[in-house]
Amino acid sequence: MSSPGFFLLGTTHQRAPLAVREKLALDDEASAGLQTELATIAGLRELTILNTCNRIEFYGVADTPDIIARLEAVYCARQCFSAEEFASFRLSLAGRDAIQHLFEVATGLDSQMLGETEIFGQVKAAYATAQTRQSTGPVLNRVFQKTFQAAKYVRTQTAITVGQVSIANVAVDLAHNIFGDLKATRILLLGAGDIGEKTAKAFQSRGAASLTVASRSFERAMELATAFGASAMPFDQREVRLAEFDVVVGSTAAPETVVSVEAVASALRKRPARPLFFIDLALPRDIEAGVADLENAFLYNLDDLAKIAESHRVARLAEVERARAMLTEKSAALWQQVSAQGAPQAPPLAAGKPAVSPA
Amino acid sequence: MLAAFNDRQWLWLSAGFYFAGFLLGTWSLVRRGRPSGVLVYALIAVGYGLQLVGLGLRGKAVGGCPLGNTFELFQFTAWSAISLYLVIGVAFRSSVLGYFTASLAASLTFLSLAIPAWDSGRRLRLFGHNPWIELHAALALFSYGVFALLALTSLMLLLRHFSLKSKNLGGLFSFLPSMVDLDQIGLRLLSTGVVLLAASLAVGANYWLRDPASASIGKLIITVAVWLAASMALILRLRGRLLAKRFAWTGLLLFAAALLSLWPIDSSRQALTVPSAPATVPARP
Chain S
0 MSSPGFFLLG TTHQRAPLAV REKLALDDEA SAGLQTELAT IAGLRELTIL
50 NTCNRIEFYG VADTPDIIAR LEAVYCARQC FSAEEFASFR LSLAGRDAIQ
100 HLFEVATGLD SQMLGETEIF GQVKAAYATA QTRQSTGPVL NRVFQKTFQA
150 AKYVRTQTAI TVGQVSIANV AVDLAHNIFG DLKATRILLL GAGDIGEKTA
200 KAFQSRGAAS LTVASRSFER AMELATAFGA SAMPFDQREV RLAEFDVVVG
250 STAAPETVVS VEAVASALRK RPARPLFFID LALPRDIEAG VADLENAFLY
300 NLDDLAKIAE SHRVARLAEV ERARAMLTEK SAALWQQVSA QGAPQAPPLA
350 AGKPAVSPA
Chain A
0 MLAAFNDRQW LWLSAGFYFA GFLLGTWSLV RRGRPSGVLV YALIAVGYGL
50 QLVGLGLRGK AVGGCPLGNT FELFQFTAWS AISLYLVIGV AFRSSVLGYF
100 TASLAASLTF LSLAIPAWDS GRRLRLFGHN PWIELHAALA LFSYGVFALL
150 ALTSLMLLLR HFSLKSKNLG GLFSFLPSMV DLDQIGLRLL STGVVLLAAS
200 LAVGANYWLR DPASASIGKL IITVAVWLAA SMALILRLRG RLLAKRFAWT
250 GLLLFAAALL SLWPIDSSRQ ALTVPSAPAT VPARP
């Protein structure tokens, strides 16, 4: 029995710069169109397209190696991208190496932000789309199911996903440590700095109850509030209304502090049962340093958050080899099983299966 | 073999399971960097079952609730705290609380078993034939168990506060529940403790009014003082005068006061009764 021609073709953030990835990226429509086109290639039996901002990868099963070259040619032509140039960014793997790569991708070992978990969902979505398009078969089904199991196993057995590694997510995790569930947590964003916006977005995506924006320019505050689906507040009310909020994100470009110790002490007296959390992302700082000395107030500045993020990154790095060893063991076992199945059983995509489901 | 066990042997076995929970939790923290939630909970649950058998045997032998000496008071307090933990632990989903509870239960049970003098004698028919007095004592002790759990959540809150202030969030700190959650559970535990102790005092007072010689003034003062202190803490907390960190310290002090009050309460009861034959209940190994 011959081994099935399981392959991976594509490029990732490690090989191609952002400008190239932009040109190679596929939106949903383009992806569906490409798949329809690829279905005309005889000998291409199974196919899944994983397309994220950091990678475009084709996982498939081909009868012969030249099928992969044809896939590459069709893809490059469709993207109006030089095939010669693509070759310099190309990642092409087969067999066990391709499985190992998919395992590492799904676990977050190959991500720009080591150990991030979003990629797991993206791999799942790519597989689900391929199933909807009826472009998976016995090999891809087995490989992807085992990939999800392996990724979950490594994530629970190692600390590869423990702790947040971005400033915004570290800030949200800290808020969790103070307030628990964020569903009742109200956020005040002071200023319109980029990192402040990202942090506010992270709070929103993690279910914060409300977001209010106050900027020295009310128009800018309105603009941001509209973009976030939040409300705007005049900047001069920030201290008077401090007690209404649980988390204050400081991100202004003000030359002096904009929240005083007295204002915070007064706000705490109005809400003794609930703490106040200040995230000062501004330079120069927005929140008076003395706020940290108040009993029920917690103040973290940019350096504090960066230090925590870095410690998490280092902790994740320390787990990479252990995680990789686990995955290597599992990919070897899977490849043995897949090889034992023999030649691909699925009919070629071109032979009757619609590349895109009628639904 | 188990059928031949006497009450103290069952209680030793129970203490062993609590201690195993503590050891497993420590090992898991040190080696895996996280507490072992389900296994520690299971060990505590087994320990609780064994303790129930031990206390049941003792209660059967003495014909009532086993609250006749310091050993029994410590055992009953630990049992009460575990009873609550087994309910709260599931809802709270905090593996650290399980670890702390196992530590406290192991400490209380081993300490009571390790000091033979605490179990060298006990009063027979401690409550006469009056089930109300038995209920009064059981409620009071159960409230002390609630204060024990309050002390644990208070300790966790202080650790969480320290970790957030010192910006040290790794290791054990990363598994602690949030400040607000700990504060809320503390508030509920304190309310429960105050209500249970108030009910106990109400039952006891009803009996005492009819027979003032049945309880010493010292015991009355100490019990009422513990209840007053707990009630005051509750009122101050509800009025926003006792902030999270100070509230946590108060929780710890309340449990310490409750634990310390057991000796004078027990002594005052013994002083009022005719000394009984020592360890009439089961033979100790």
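Chains as they are written, first to last, in numbering that gives the first Met the number 0: chain S, 0 to 358; chain A, 0 to 284.
C-beta: ideal position from N, C-alpha, C; glycine also.
Since we're looking at a predicted model, the values are computed, not measured.
Endpoints, the alpha helix (DSSP H) within which residue i is located
i        : result
Asp279/S : Where Asp279/S is concerned, there is no enclosing alpha helix (DSSP H), although the beta strand (DSSP E) it sits in stretches over Leu275 to Asp279.
Val247/S : Not the alpha helix (DSSP H): Val247/S falls in the beta strand (DSSP E), residues Val246 to Gly249.
His191/A : Rather than His, the amino acid found at residue 191/A in this sequence is Thr. Run containing Thr191/A: Met178 to Arg209, per the alpha helix (DSSP H) assignment.
Leu157/A : Pro130 to Ser165
Trp11/A  : Asp6 to Trp26
Thr155/S : Pro137 to Gln156
Gly217/A : Ile216 to Leu237
Ile166/S : Ile166 to Phe178
Glu318/S : Careful: Glu318/S lies outside any alpha helix (DSSP H) and carries neither H nor E.
Gly53/A  : Gly36 to Val61
Leu17/S  : Leu17 to Leu23
Residue interval of the beta strand (DSSP E) (run including residue i)
i        : result
Thr211/S : Ser209 to Ala213
Asn300/S : Ala296 to Asn300
Phe5/S   : Phe5 to Thr11
Simplified DSSP state of residue i, which is helix, strand or coil
i        : result
Phe80/S  : coil
Thr116/S : coil
Met0/S   : Bear in mind that a pLDDT of 40 at Met0/S, under 50, signals an unreliable position, so the number given afterwards is only what the model happens to contain. Looking at Met0/S - three-state DSSP - the assignment turns out to be coil, as it is neither helix nor strand.
Leu101/S : helix
Val239/S : coil
Ile186/S : strand
Val258/S : strand
Pro274/A : Caution is warranted here: a pLDDT of 43 is assigned to Pro274/A, below 50, making its placement in the model unreliable, and no coordinate value can be reported.
Ile286/S : strand
Ile307/S : helix
Ala358/S : In this prediction, Ala358/S scores a pLDDT of 32, lower than 50, which makes its location untrustworthy; no coordinate-derived value is stated.
Ala29/S  : helix
Leu267/S : helix
Ser119/A : coil
Ala3/A   : helix
Gly88/A  : helix
Ser423/S : The shown model of chain S, from 0 to 358, leaves out residue 423/S, and the question about it has no answer.
Ala332/S : helix
Ala243/A : helix
Distance between beta carbons of residue j and residue i, contact taken as under 8 Å
i        : j        : result
Arg95/S  : Trp334/S : 4 Å
Gly195/S : Leu188/S : 6 Å
Gly42/S  : Thr63/S  : 6 Å
Ala229/A : Leu253/A : 6 Å
Lys329/S : Ala76/S  : No, Lys329/S and Ala76/S are not in contact; Cβ-Cβ is about 37 Å, not under 8 Å.
Ser81/S  : Asn50/S  : Going by Cβ atoms, the distance from Ser81/S to Asn50/S rounds to 20 Å, so no, they are not a contact pair.
Ser209/S : Glu238/S : Actually they do not touch by this definition, with Cβ atoms about 19 Å apart.
Thr76/A  : Tyr17/A  : About 13 Å separates the two Cβ atoms, so there is no contact after all.
Ala242/S : Lys269/S : 4 Å
Leu149/A : Gly192/A : 6 Å
Leu151/A : Leu103/A : 6 Å
Arg159/A : Asn168/S : About 20 Å; that fails the 8 Å criterion.
Arg321/S : Thr198/S : Not a contact, Cβ separation roughly 32 Å.
Pro233/S : Phe244/S : The pair is not a contact, with the Cβ atoms about 15 Å apart (cut-off 8 Å).
Leu301/S : Leu282/S : 7 Å
Thr11/S  : Leu90/S  : 6 Å
Residue i burial status per 10 Å Cβ neighbour count (16 or more: buried)
i        : result
Ile98/S  : buried
Arg315/S : buried
Gly97/A  : buried
Met231/A : exposed
Arg31/A  : exposed
Glu45/S  : buried
Phe161/A : exposed
Thr39/S  : exposed
Ser142/A : buried
Lys182/S : exposed
Val138/S : buried
Gln34/S  : buried
Thr47/S  : buried
Glu84/S  : exposed
Arg240/A : exposed
Thr160/S : buried
Lys59/A  : exposed
Glu309/S : exposed
- Message: Could you tell me which whole alpha helix (DSSP H) segments of length 4 or greater appear in the segment 34-97 of chain S?
- Response: 64-78 and 82-88
- Query: Counting only runs that start and end within the segment 189-235 of chain S, where is the alpha helix (DSSP H) found for 4 or more residues in a row?
  - Reply: 193-204 and 217-227
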